[in-house]
Each structure stands twice: as structure tokens, then as C-alpha cells.
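See below for the structure under consideration.
Number of protein chains: 2
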Amino acid sequence: MTVAPLTRDQLLGHAAELFAERGFHKVTVREISDGVGANVAAVNYHFGDKLGLYREIVEGNIALMEETMQKAMDAGRGGDADGQLRAFIEVFVERLLTPRDGNQIQRLMMREMENPTPMLDVIVERVMEPRMRYLCDVIGRLLGRPSDDRVVRNCAASVHAQCIMCKRTPALVRMNIGFDDDGDAAALADHIAEFSLGAMASMVGKTMAQREARGGREVGSAKSSLKAAASA
Amino acid sequence: MTVAPLTRDQLLGHAAELFAERGFHKVTVREISDGVGANVAAVNYHFGDKLGLYREIVEGNIALMEETMQKAMDAGRGGDADGQLRAFIEVFVERLLTPRDGNQIQRLMMREMENPTPMLDVIVERVMEPRMRYLCDVIGRLLGRPSDDRVVRNCAASVHAQCIMCKRTPALVRMNIGFDDDGDAAALADHIAEFSLGAMASMVGKTMAQREARGGREVGSAKSSLKAAASA
DNA sequence: ACACAATTTAAACACGTGTTTGAATCCAAG
DNA sequence: CTTGGATTCAAACACGTGTTTAAATTGTGT
Chain A
395 MTVAPLTRDQ LLGHAAELFA ERGFHKVTVR EISDGVGANV AAVNYHFGDK LGLYREIVEG
455 NIALMEETMQ KAMDAGRGGD ADGQLRAFIE VFVERLLTPR DGNQIQRLMM REMENPTPML
515 DVIVERVMEP RMRYLCDVIG RLLGRPSDDR VVRNCAASVH AQCIMCKRTP ALVRMNIGFD
575 DDGDAAALAD HIAEFSLGAM ASMVGKTMAQ REARGGREVG SAKSSLKAAA SA
Chain B
395 MTVAPLTRDQ LLGHAAELFA ERGFHKVTVR EISDGVGANV AAVNYHFGDK LGLYREIVEG
455 NIALMEETMQ KAMDAGRGGD ADGQLRAFIE VFVERLLTPR DGNQIQRLMM REMENPTPML
515 DVIVERVMEP RMRYLCDVIG RLLGRPSDDR VVRNCAASVH AQCIMCKRTP ALVRMNIGFD
575 DDGDAAALAD HIAEFSLGAM ASMVGKTMAQ REARGGREVG SAKSSLKAAA SA
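Sequence lines, in order, name chains A and B. Under this note's numbering, read the first sequence as residues 395 to 626, first letter to last. Under this note's numbering, read the second sequence as residues 395 to 626, first letter to last.
Next up, the structure:
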């Protein structure tokens with residue numbers, strides 16, 4: 395059936411790397427086609443339009459992503475919540491920082507956060523939501539609270555924020571902010587795990603009464619009680 | 395001396411809000427000029443080009459930013475490092491989340507991180523670097539380590555990452571990830587402070603030997619100074 | 001009222017970028 | 001070899017967006 399001769403696959407491969415590195419909007423179809431020595435019209439011929447090419451790449455990578463998620467969950471299976479969170483962070487950070495072929499989806503997600511495309515919805519549904527669900531589940535067990543608890547969700551966001559920031563955008567590099575990055579993903583993951591587990595260990599140790607006694611502000615309380623303690 | 399009649403100031407005001415909300419690249423000059431009932435050429439007449447308008451807005455806001463930084467530092471003056479970090483987080487988060495006029499610089503910086511412009515350099519120099527310097531100073535005292543210590547810088551990055559993520563981009567909102575945001579900046583700041591202080595309290599308690607015994611990987615291992623600095 | 005500078009305006013221009021087109025080329029099947 | 005579909009190609013098109021231009025209008029000092 396004379397399937398994809400060659401050009402089509404070349405376009406997929408080259409475009410995937412470009413999209414992962416700079417995002418959908420900052421890559422031109424001419425750049426994609428020129429990169430593999432093809433004509434400008436090649437993208438439209440093989441994929442309909444630029445978004446069609448992007449869609450195929452994203453959907454292809456989502457399968458890999460789901461496998462990664464499985465790997466992260468399996469890595470902690472049987473262990474305690476502590477070890478599960480560590481495993482999650484390690485796998486996540488490693489995939490985000492190592493530009494190996496096949497883990498472009500994390501970088502693509504970074505770009506989607508910066509400059510969304512119509513593909514964001516499916517990425518959220520198939521990647522983000524399962525991830526946050528698992529993360530909240532682990533942290534919930536860690537804190538001894540239900541996984542939809544407000545404190546649990548905020549802790550999950552704290553962990554997630556740190557992981558996300560591991561991938562320094564070009565702008566973050568020019569600013570000299572962000573984590574120390576000498577290419578050692580494991581060391582970075584270890585810091586984040588250490589930091590986060592320490593944070594939550596201190597949280598689970600404190601009772602509500604203790605925390606409210608400290609300053610009157612309590613993260614997990616409803617919005618009402620916070621009005622009074624607005625200013626330090 | 396027949397200063398700016400009106401149009402010029404209107405352009406500045408309207409453009410500032412648009413830029414803060416969506417970033418330099420995602421705002422068109424027609425949108426700016428139409429918004430105040432001016433002609434398309436108004437921007438070029440009064441500011442040379444689009445970037446000139448942006449530059450004026452950024453430079454104007456940087457002064458306010460430096461004042462904010464001063465406020466954050468003053469808020470913790472005299473207190474201990476713990477209180478200083480709390481004050482810093484509170485001021486930062488509040489300015490980031492509250493769309494009040496005059497604290498657009500934080501939102502502008504978010505946009506610069508997503509899509510840099512030529513103004514990024516001056517923003518880094520006058521805003522980011524002083525901020526990270528102060529943050530590292532506070533955390534250094536908190537951990538009993540020099541402020542250029544690797545662990546200190548990573549902790550600063552962890553704190554900063556959480557603060558940054560407070561401002562949910564449109565994409566982050568569509569994903570249902572991120573911190574609980576019911577508009578209560580104080581509650582969010584409190585979570586981040588609680589989380590981070592707990593994390594670092596547990597770090598300062600552990601000796602290097604203990605941490606290395608746990609898993610073998612040590613965050614601060616690569617650089618020289620930390621090898622010997624076993625005890626905290 | 002006049003003259004001159006400052007401002008505003010409508011229109012056009014320049015250019016990057018995604019897309020389309022119609023002809024040329026390739027290639028396997030008959 | 002011939003044929004017909006698949007693929008490639010150069011060229012042009014469509015359109016958004018920043019910028020420029022030259023005329024019209026407004027404002028101000030004398």
C-alpha cells in the first residue's frame with residue numbers, strides 16, 4: 395500500500411523536536427520542511443495543516459506518557475507513600491530534563507502552559523488530570539487526609555510547581571533563577587523530594603489547634619475565618 | 395509646556411493592563427489604540443514603536459517594584475529569618491494575585507518568562523536579581539549556611555517556584571492544576587510559607603551524614619564547599 | 001487673525017507566515 | 001512502454017500585524 399515513503403516520517407520526527415523545544419506557535423512550517431529538505435507544501439499535503447501535524451505528534455506522545463505514568467506508579471507500588479512520592483518526582487523530573495527521544499510530551503506540556511493550543515484540552519484530560527489525581531492520592535495518604543482535601547491539593551500544587559520549574563525555559567536561564575542545573579536530574583529530584591517530604595512531615599505532625607494557635611491563619615479553613623488575619 | 399495632552403497617557407494606561415494580562419506579543423497595537431479611541435499610528439507617533447511603549451511601561455513599573463521589594467524587606471526587619479521569609483512570601487503573592495493598579499510588574503514578569511522580549515535583561519537586573527539575593531540571604535540565615543550555598547539556592551528556587559505558580563495562567567486555569575484559588579492571596583501565601591518553612595526546618599535538623607545515609611545521593615554534593623560541611 | 005508646530009487621521013506599505021494551486025516528477029501496476 | 005495515482009515542487013495567495021506617509025485638523029503664541 396506504499397505507506398509513508400519517508401518524508402512524512404521525517405517531518406514528524408523533526409517537527410516533534412522543534413515543537414518540544416519552542417512550542418507550536420514559535421515554529422514555522424518552512425522551518426520544519428526546510429529542516430528535512432522538503433517543500434513548504436509538504437506539511438499541508440501530509441497532515442492537512444500545521445495543527446494536524448502537531449496533533450499527530452501530541453497524540454503519539456500521549457501513549458508514551460501514559461506508559462510513563464504507569465512506570466512512576468509501579469516504581470512505588472508496595473512501598474509507603476513516602477517512597478511513592480519520591481519515585482513520582484524522580485521519574486517526572488528525569489523525563490522533563492532528559493531530552494531523550496520519546497519524552498517530549500513533558501516539554502510540550504510546558505509549552506502548552508506558556509502558549510496554549512487547541513490540543514491543550516486533550517493533554518489536560520489524558521495527562522494532567524491522571525497525574526494530579528495520583529499525586530493527590532499519594533499525598534493524601536502521606537498526610538492522613540482525604541485526597542480532595544484543600545491542604546492536600548495545595549501540597550500537590552507545591553510539589554508540582556517545583557517539578558515544573560525544573561525545566562528552565564530560555565528566559566529562566568537568562569535570569570539566573572531556578573534550581574542549580576548541572577544536568578544532574580537525580581540530584582534535583584532528590585532536593586525536591588527532600589524539601590517536599592520535610593514540609594509535609596512537619597504538617598502531619600502539627601494538629602489543627604497548634605497551627606491555629608501560631609497565628610490564627612489556617613490554610614485549610616474556609617475563606618471566612620481568614621478575613622481578620624489579613625495583615626501581619 | 396504642553397505636556398502629554400491625554401492620548402499618550404491613555405495609551406500608557408490601557409496598554410499596561412493589556413500587556414500585564416497577556417504579554418507583549420499577544421497584544422496588537424490596533425487593540426491598544428482602538429481601546430482608547432485613538433488612531434493606529436498613535437503608538438508610533440508617541441512612542442516610536444510598540445516596543446518603545448512597552449519599555450516605558452516596564453521602566454515605570456520597575457520603580458514601583460523596587461519600592462515593593464523595600465516594603466517586603468522592611469516588613470521583616472528586626473524579626474527572625476522565619477518571619478522575614480513569611481513577610482516576603484506574603485507581599486510577593488499578594489502583589490502577584492491582586493490586579494490592583496501599580497503592581498503589574500509581577501504579571502509582566504510572568505509574561506516575560508513565557509515569552510521574553512528585549513526588556514527581559516533590565517527586568518532581571520533590577521528586579522529578579524535583587525529579589526533572589528534577598529531570598530537567598532534570608533534562607534541562608536534560616537539554614538545556617540552561606541547564602542551562595544547550593545542547598546540554599548535550591549531552597550530559594552523551591553520557594554520561588556511556588557510563588558510564581560500562584561499566578562495561574564489561562565492555561566493553568568483550564569488544566570485544573572495549581573493551588574486552590576478563591577482569590578484569597580493571604581491563605582495561599584500562608585500555605586506556601588507553612589510548606590516551605592516546614593521543609594527547611596526539617597533540613598536544618600538533619601545532618602549531612604543522616605541524609606547521605608538515607609539514599610546515597612546528596613543534593614549539595616557536586617560543589618566543593620559542602621563536602622566537609624557535614625554538620626548544620 | 002495669522003503662522004507654525006503638534007497632533008490626529010485614513011490609507012497604504014512591508015513583511016512574515018499558513019495555505020493553496022497547478023504543473024512537474026516519480027513510481028508501481030498492467 | 002503506458003498509465004494513473006501519489007508525491008514533490010515553485011509560485012502565488014490570504015491575511016494579520018507593525019510601521020510609514022502625507023494630508024487634515026487642532027492648538028498655541030504673537
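Ideal Cβ placement from N, Cα and C applies to all residues, glycine included.
8 angstroms Cβ cutoff, residue i in contact with chain B
i	result
Thr563(A)	yes
Asn497(A)	no
Leu566(A)	yes
Glu508(A)	yes
Ala603(A)	With a pLDDT of 45 at Ala603(A), under the threshold of 50, the modelled position of that residue is not reliable, and no figure is offered here.
Ser596(A)	yes
Gln404(A)	no
Met361(A)	No answer is possible for residue 361(A): the residues shown for chain A start at 395 and end at 626.
Arg449(A)	no
Met463(A)	no
Whether residue i touches residue j by CB criterion (8 angstroms)
i	j	result
Gln478(A)	Gly470(A)	yes
Phe486(A)	Val532(A)	no
Leu405(B)	Val430(B)	yes
Asn509(B)	Gly592(B)	no
Glu461(A)	Ala583(A)	no
Met507(A)	Leu566(B)	yes
Val423(A)	Val437(A)	yes
Ile571(B)	Met467(A)	no
Cys560(A)	Leu491(A)	yes
Leu447(B)	Pro512(B)	no
Ala633(B)	Arg480(B)	Past the edges of chain B, shown from 395 to 626, lies residue 633(B), and the structure says nothing about it.
Met594(A)	Leu537(A)	yes
Asn497(B)	Arg489(B)	yes
Under 9 angstroms from the C-beta of residue i: neighbouring residues of chain A
i	result
Asp474(B)	Residues of chain A passing the Cβ test: none, with the nearest at roughly 13 angstroms.
Rounded Cβ spacing between residue i and residue j (contact assumed at less than 8 angstroms)
i	j	result
Ile499(A)	Leu458(A)	6 angstroms
Ile451(A)	Ala409(A)	6 angstroms
Thr401(B)	Ala432(B)	5 angstroms
Ser596(A)	Gln556(A)	Between Gln556(A) and Ser596(A) the Cβ distance is about 17 angstroms, and since that is not below 8 angstroms, they are no contact.
Arg535(A)	Ala475(A)	4 angstroms
Cys530(A)	Arg547(A)	6 angstroms
Under 7 angstroms by beta carbon: chain B residues contacting residue i
i	result
Asn548(A)	Phe573, Asp574, His585
Phe589(A)	Cys549, Ser552, Ala593
Residue-chain proximity (residue i, chain A), Cβ-Cβ < 8 angstroms
i	result
Met526(B)	yes
Met467(B)	no
Ala555(B)	yes
Arg494(B)	no
Under 8 angstroms by beta carbon: chain A residues contacting residue i
i	result
Ala414(B)	Simply none; closest approach about 16 angstroms.
Residues that residue i contacts on chain B, provided the C-beta gap is smaller than 9 angstroms
i	result
Arg471(A)	Near Arg471(A) there are no residues of chain B at all, since even the closest Cβ is about 19 angstroms away, more than 9 angstroms.
Partner residues on chain B for residue i, Cβ-Cβ distance less than 8 angstroms
i	result
Arg544(A)	Asp574
Met459(A)	Near Met459(A) there are no residues of chain B at all, since even the closest Cβ is about 14 angstroms away, more than 8 angstroms.
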